[in-house]
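Numbering (the working numbering), first residue to last: 13 to 167.
Below is one structure, written out as structure tokens; the observations come after it.
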Ligand SMILES: [Zn+2]
């Protein structure tokens, strides 16, 4: 779906950026798992993929090329640290990583554990959710906290 160019320009500048706003530890979309060196790990409430998280840079930047060498290396190190923790906690068959930002242009990695019984195994996790009629998988709160704790204790 196209976006109004002026709206996009504002988002790129960080105006009304949901990741720059004060984000509650636990909100409708995700819950905070941990603070890392230059980023924050959040567990998505939609758990179609068990352990699906986003890793959000702690400041507004829209492209990896905006990061200096140290910050870029730290962001990558945070990503690898999280990946190891998720693998250890949940034993997925494959890890997927993507950094898109076409909806919220604030650097954030989608970290998606994949499992061989996944009906979209050979496809990106995010494509055509709405058109396929797939619905979000919501868990009881205690299960979110169990997954978050399992990841957190392995970081
Ligand atoms: Zn932002």
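Glycine included, each C-beta is placed from N, C-alpha and C at the ideal position.
In this chain, the beta strand (DSSP E) harbouring residue 47 covers 42 to 47. DSSP places residue 122 inside the beta strand (DSSP E), whose first and last residues are 120 to 126. The three-state secondary structure of residue 94, taken from DSSP, is helix. Ranked by how close their Cα comes to the Cα of residue 108, the residues 74, 94 and 115 have 94 in first place.
Contact annotation, residue 125 with residue 111: C-beta distance approximately 17 Å; criterion of less than 8 Å not satisfied. The beta carbon of residue 122 sits no closer than 8 Å to any heavy atom of ligand 1. The alpha carbon of residue 85 has as its nearest neighbour, out of 58, 115, 48 and 63, the alpha carbon of 48.
Beta-bridge partners of residue 107 (DSSP): 125. Relative to the Cα of residue 45, the nearest Cα in the group 139, 90 and 20 belongs to 90.
Pairing residue 142 with residue 164, the inter-Cα distance amounts to about 31 Å. The Cβ neighbour count for residue 80, taken over all protein chains shown within 10 Å, is under 16; the residue is labelled exposed. Comparing C-alpha distances from residue 129 to each of 65, 122 and 106 shows the shortest one belongs to 106. Annotation for residue 53: the continuous beta strand (DSSP E) segment containing it runs 51 to 56. Counting along the chain, residue 69 sits inside the beta strand (DSSP E) bounded by residues 65 to 69.
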